[in-house]
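J.: Have a look at the structure that comes next, please.
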Amino acid sequence: MAPIIGVTATLKADVDSVAERPLGKYVRADLDYVEGVAAAGGVPVVLPPNGDARAAEAVIHSLDGLLLSGGSDLDPGYYDELPAPELGPTIPERDAFEMPLLDLALRRGLPILGICRGMQLLNVPGWDALPGPTIAVGPGRLEAPAGDAQVAADARSRAP
Numbered sequence: 008m009a010p011i012i013g014v015t016a017t018l019k020a021d022v023d024s025v026a027e028r029p030l031g032k033y034v035r036a037d038l039d040y041v042e043g044v045a046a047a048g049g050v051p052v053v054l055p056p057n058g059d060a061r062a063a064e065a066v067i068h069s070l071d072g073l074l075l076s077g078g079s080d081l082d083p084g085y086y087d088e089l090p091a092p093e094l095g096p097t098i099p100e101r102d103a104f105e106m107p108l109l110d111l112a113l114r115r116g117l118p119i120l121g122i123c124r125g126m127q128l129l130n131v132p133g134w135d136a137l138p139g140p141t142i143a144v145g146p147g148r149l150e151a152p153a154g155d156a157q158v159a160a161d162a163r164s165r166a167p
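Heads up: the sequence shown begins at 8 in the working numbering, then just goes up one per residue.
Here it is as structure tokens:
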């Protein structure tokens, strides 16, 4: 049976003047992430940031792995820091869902792939003490703990 891989999504504001979306926001997951999971033999499940710890707990038990996608910056309060001038946009709803989701995934020992923003989440103090294979991908960076994960030799060139 193919593994079920959760792919985190983001919220985007609707800028289309003719759109008739009553809330003005929509959920977005990069197609590259979804196609990459499928090409690797997994079944991607997009996880909208529409909840909190309770929502994360409801979905984590159906997942075999987690892809923490790129996107907005993580609120620096999670690092016990103040916002820096170069801080990009943050999405509190996304943080409120992904932080407990990551905590549960780590506690379950799920494989986790962090891309850009996903690396920010994985670098929150305290996560390094928890078990589980992780891979971090970003500009010029591809890291996998020895023995925990296998990475294709050309993965750096294929990273989104």
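Glycine is no exception: its CB is placed at the ideal position from the N, C-alpha and C atoms.
At which residue ranges does the segment 47 to 105 contain complete beta strand (DSSP E) runs of 3 or more residues, listed in the order of the chain?
T.: Runs of the beta strand (DSSP E) inside the segment 47 to 105: 50 to 54 and 72 to 75.
J.: Using beta-carbon positions only, say whether Val66 and Val41 come within less than 8 Å of one another.
T.: Against the sequence shown, residue 66 aligns to sequence position 59. Against the sequence shown, residue 41 aligns to sequence position 34. No.
J.: Could you check which residue in Leu18, Pro107, Leu70 and Val34 has the C-alpha nearest to that of Pro51?
T.: One-based indexing of the sequence shown puts residue 51 at position 44. Per the Cα distances, Leu70.
J.: Measuring straight from C-alpha to C-alpha, what distance separates Asp59 and Glu88?
T.: For the purposes of this step, residue 59 is taken as the residue at position 52 of the sequence shown. For the purposes of this step, residue 88 is taken as the residue at position 81 of the sequence shown. Approximately 22 Å, taken between the alpha carbons.
J.: Could you say which of Arg101, Leu109, Glu105 and Tyr85 lies nearest to Lys19 if we only look at CA atoms?
T.: Position 12 of the sequence shown, counted from the first residue, corresponds to residue 19. Ranking the options by Cα distance to Lys19, first place goes to Arg101.
J.: Can the beta-carbon of Leu120 be found less than 8 Å from the beta-carbon of Leu74?
T.: Here residue 120 refers to the residue found at position 113 of the sequence shown. Here residue 74 refers to the residue found at position 67 of the sequence shown. Against a cut-off of 8 Å, the Cβ pair of Leu74 and Leu120 comes out as a contact.
J.: Quick one: Cα of Pro107 to Cα of Glu64, how far?
T.: Here residue 107 corresponds to residue number 100 of the sequence shown, with the count starting at 1. Here residue 64 corresponds to residue number 57 of the sequence shown, with the count starting at 1. Taking the straight line joining both Cα atoms gives about 8 Å.
J.: Is it right to say Ala91 is buried, meaning 16 or more other beta carbons lie within 10 angstroms of its own, or is it exposed?
T.: Here residue 91 refers to the residue found at position 84 of the sequence shown. It is exposed - the Cβ of Ala91 has fewer than 16 other Cβ atoms within 10 Å.
J.: When you compare only the Cα positions, how much space is there between Leu113 and Asn130?
T.: Taking the first residue of the sequence shown as 1, we reach residue 113 at position 106. Taking the first residue of the sequence shown as 1, we reach residue 130 at position 123. Each residue's alpha carbon lies about 13 Å from the other.
J.: I believe Gly77 touches Cys123 by the beta-carbon criterion, under 8 Å. Please report the beta-carbon distance rounded to the nearest angstrom.
T.: Stepping through the sequence shown from its first residue, residue 77 is reached at position 70. Stepping through the sequence shown from its first residue, residue 123 is reached at position 116. The pair is a contact, with the Cβ atoms about 3 Å apart (cut-off 8 Å).
J.: Mapping DSSP to helix, strand and coil, what is Gly13?
T.: Indexing the sequence shown from 1 puts residue 13 at position 6. Gly13 falls in the strand class under three-state DSSP.
J.: Could you tell me the distance, in whole angstroms, from the CA atom of Glu105 to the CA atom of Val53?
T.: Translated into the one-based positions of the sequence shown, residue 105 becomes position 98. Translated into the one-based positions of the sequence shown, residue 53 becomes position 46. For Glu105 and Val53, the distance between alpha carbons rounds to 13 Å.
J.: Is it the case that the Cβ atoms of Leu128 and Leu109 are separated by a distance below 8 Å?
T.: For this step, residue 128 is matched to residue 121 along the sequence shown. For this step, residue 109 is matched to residue 102 along the sequence shown. Yes, Cβ-Cβ distance for Leu128 and Leu109 is below 8 Å.
J.: Please go through the same chain and pick out, in chain order, the residues whose beta-carbon is closer than 8 Å to the beta-carbon of Pro81, but skip the five residues on each side of it.
T.: Translated into positions along the sequence shown, residue 81 becomes position 74. According to the sequence provided, residue 81 is Leu. The question's Pro does not apply to it. Taken in chain order, the residues that qualify are Thr97, Asp102, Arg124, Gln127, Leu128 and Val131.
J.: What three-state label does DSSP hand Val34 in the structure shown?
T.: As a working mapping, residue 34 is identified with position 27 in the sequence shown. Here Val34 sits in strand by DSSP.
J.: Taking the straight line between their C-alpha atoms, what separation do you get for Ala16 and Ala9?
T.: Here the question's residue 16 lines up with position 9 in the sequence shown. Here the question's residue 9 lines up with position 2 in the sequence shown. Between Ala16 and Ala9, the C-alpha separation is close to 21 Å.
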